[in-house]
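Visitor: Got a structure for you, written out below as structure tokens; questions coming shortly.
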């Protein structure tokens, strides 16, 4: 668990630390680096947009477009325009982060692009003198006052009230989303937003503004790679490492380890009887219990209803009690199958019937486990796995719901 957090958060922390150092000590790097920083925001954003198309991610494309626009127009905006931009940017960023991926050249993609265009047009309009806007001059004056409003009690705010509120609200929403979902893309969106907040605080300050915008693009690009790695090595249904991760970890094993193959008993029959949705719930429950196995165990979904447990540095004798414990824990879990006549929503007290879950059925799930360890005769991890697989078949022949070693 700790290693997962390090993989997710350590690279962004290092990037943020480096960016803060460059902003604090601009004299510490040569002039060519400064010139490179001026083109870095646009270059990285274009590169990031290309990667998004490769990875079939549409929402980050719009985020990179925001970063490019911020970098390109940052020196040409008036104070009113920049204040309005610092309201629209975080809200648009948050909206893109929490909205579903529905493609770029789709109605959803066109809608998002249109909304960004409308917001950009409104910001551009604030650059015109009020006298040139005719009947809209009063509206311009109101907007000009509103976007730059600083209440007397909010003098401590580093930005106008609405801008600071937009950044704060967006950061809060993305933080909660990251805590709940714990996904690389959510970390990238949050980190990118914080970097843009830094650019807003140091708006017009060279080289701080381009450095923070560059950081925003870098964090998004990093999250794209982390997300692709997660999708490749993590099983989407059970949220535990998949077979590819197992094969990679098997190459790193030492001279002592134990490997167990786990199979859900009569799963195909269970799936046919109660349906695939209930079957998926069973797979998630079993994987969750297996992932809690002690003894330094690593759980993987091998495929279908079959799982693999890996115990680096452990013998069979040292792991047997842990395997028995997880088998008994799964056996003791009761599943309630929803009856076909049961309402999808819980009825109110006035509508409750006297029947108690008449259409429900309680079922139990069991697993069979075959376990083996590395020996001088079976040094290759694949040989140990085959041996554990044979032990698994013996467990099934013995009546299932047991642990057999070989």
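Numbering (the UniProt record's numbering), first residue to last: 1 to 406. A virtual CB, placed ideally from N, CA and C, is assigned to each residue, including glycine. Since we're looking at a predicted model, the values are computed, not measured.
If you draw a straight line from the C-alpha of residue 84 to the C-alpha of residue 56, how long is it?
Guide: Within the chain shown, residue 84 is the residue found at index 84, counting from 1. Within the chain shown, residue 56 is the residue found at index 56, counting from 1. About 31 Å.
Visitor: Tell me the start and end of each unbroken alpha helix (DSSP H) in the UniProt domain "GGDEF" (255-406) that is at least 4 residues and wholly inside, in chain order.
Guide: Runs of the alpha helix (DSSP H) inside the UniProt domain "GGDEF" (255-406): 267-274, 276-290, 316-331, 381-397.
Visitor: Using 10 angstroms around the beta-carbon of residue 12, count the other beta-carbons present and answer buried if the total reaches 16, otherwise exposed.
Guide: What you label residue 12 is simply residue 12 of the chain shown in a count that begins at 1. Buried, by the Cβ-count rule.
Visitor: Which of helix, strand or coil does DSSP assign to residue 126?
Guide: Start at 1 with the first residue of the chain shown, and residue 126 comes out as number 126. The answer is coil: DSSP assigns residue 126 none of H, G, I, E or B.
Visitor: Quick check: what's the CA-CA separation for residue 146 versus residue 209?
Guide: On the chain shown, position 146 is the one that residue 146 refers to. On the chain shown, position 209 is the one that residue 209 refers to. Cα-Cα distance, rounded: 24 Å.
Visitor: Would you call the stretch 244-264 and the stretch 191-203 in contact, with 3 or more CB pairs under 8 Å?
Guide: Touching, no, given that fewer than three Cβ pairs across the two stretches are closer than 8 Å.
Visitor: Assuming contact is defined by CB atoms lying nearer than 8 Å, are residue 400 and residue 265 in contact in what I supplied?
Guide: As a working mapping, residue 400 is identified with position 400 in the chain shown. As a working mapping, residue 265 is identified with position 265 in the chain shown. Going by C-beta atoms, residue 400 is nearer than 8 Å to residue 265.
Visitor: Keeping to the same chain, check which residues put their C-beta closer than 7 Å to that of residue 253; ignore five residues upstream and five downstream.
Guide: The residue you call residue 253 lines up with position 253 of the chain shown. Same-chain partners within the cutoff: 312, 381.
Visitor: Name the DSSP bridge partner or partners of residue 241?
Guide: Start at 1 with the first residue of the chain shown, and residue 241 comes out as number 241. Beta-bridge pairing links residue 241 to 234.
Visitor: Pick out whichever of 216, 286, 212, 270 has its Cα sitting closest to the Cα of residue 60.
Guide: As a first step, residue 60 must be located in the chain shown, where it is residue number 60. Of the candidates 216, 286, 212, 270, the one whose C-alpha sits nearest the C-alpha of residue 60 is 216.
Visitor: Taking 8 Å as the cut-off, does the stretch 224-237 touch the stretch 34-47 (at least 3 CB pairs, one atom from each stretch)?
Guide: Verdict: no, contact absent.
Visitor: Under 8 Å by Cβ, that's how I've got residue 244 and residue 232 pegged, so tell me the actual separation to the nearest angstrom.
Guide: Here residue 244 corresponds to residue number 244 of the chain shown, with the count starting at 1. Here residue 232 corresponds to residue number 232 of the chain shown, with the count starting at 1. About 6 Å; that satisfies the 8 Å criterion.
Visitor: Excluding sequence positions up to five away, which residues of its chain have a Cβ less than 6 Å from the Cβ of residue 373?
Guide: Mapped onto the chain shown, residue 373 falls at position 373. Taken in chain order, the residues that qualify are 258, 315, 316.
Visitor: By Cβ distance below 7 Å, which residues in the same chain neighbour residue 211 in space, the five residues on each side in sequence not counted?
Guide: Within the chain shown, the letter at position 211 stands for residue 211. Correct list, in chain order: 19, 22, 23, 37.
Visitor: Roughly how many angstroms separate the alpha carbons of residue 44 and residue 64, rounded to a whole number?
Guide: For the purposes of this step, residue 44 is taken as the residue at position 44 of the chain shown. For the purposes of this step, residue 64 is taken as the residue at position 64 of the chain shown. C-alpha separation (whole angstroms): 8 Å.
Visitor: When the distance is taken between beta carbons, is residue 335 closer than 8 Å to residue 282?
Guide: Numbered from its first residue, the chain shown carries residue 282 at position 282. Numbered from its first residue, the chain shown carries residue 335 at position 335. Cβ distance < 8 Å, so residue 282 and residue 335 count as in contact.
Visitor: Count the other C-beta atoms from every protein chain shown that fall within 10 angstroms of the C-beta of residue 110, then say buried if there are 16 or more, exposed otherwise.
Guide: Reading the chain shown from its first residue, position 110 is the one you call residue 110. That one is exposed.
Visitor: Give the C-beta separation of residue 193 and residue 93 to the nearest angstrom, bearing in mind that I take them to be a contact with Cβ-Cβ under 8 Å.
Guide: On the chain shown, residue 193 is found 193 positions in, with the first residue counted as 1. On the chain shown, residue 93 is found 93 positions in, with the first residue counted as 1. About 5 Å; that satisfies the 8 Å criterion.
Visitor: Tell me the rounded alpha-carbon separation between residue 73 and residue 326.
Guide: As a first step, residue 73 must be located in the chain shown, where it is residue number 73. As a first step, residue 326 must be located in the chain shown, where it is residue number 326. Distance between the alpha carbons of residue 73 and residue 326: 59 Å.
Visitor: From residue 268 to residue 396, what does the alpha carbon distance come to, in whole angstroms?
Guide: Here residue 268 is taken as the residue at index 268 of the chain shown, counted from 1. Here residue 396 is taken as the residue at index 396 of the chain shown, counted from 1. For residue 268 and residue 396, the distance between alpha carbons rounds to 14 Å.
Visitor: Measure how close the beta-carbons of residue 371 and residue 405 come, nearest whole angstrom, since I'm counting them as under 8 Å.
Guide: Within the chain shown, numbered from 1, the residue matching residue 371 stands at position 371. Within the chain shown, numbered from 1, the residue matching residue 405 stands at position 405. So it is a contact: roughly 5 Å between Cβ atoms.
Visitor: Give me, in chain order, the residues of the same chain whose beta-carbon lies closer than 6 Å to that of residue 87; leave out the 5 immediate sequence neighbours on both sides.
Guide: Start at 1 with the first residue of the chain shown, and residue 87 comes out as number 87. Only 162, 163, 166 meet the Cβ criterion.
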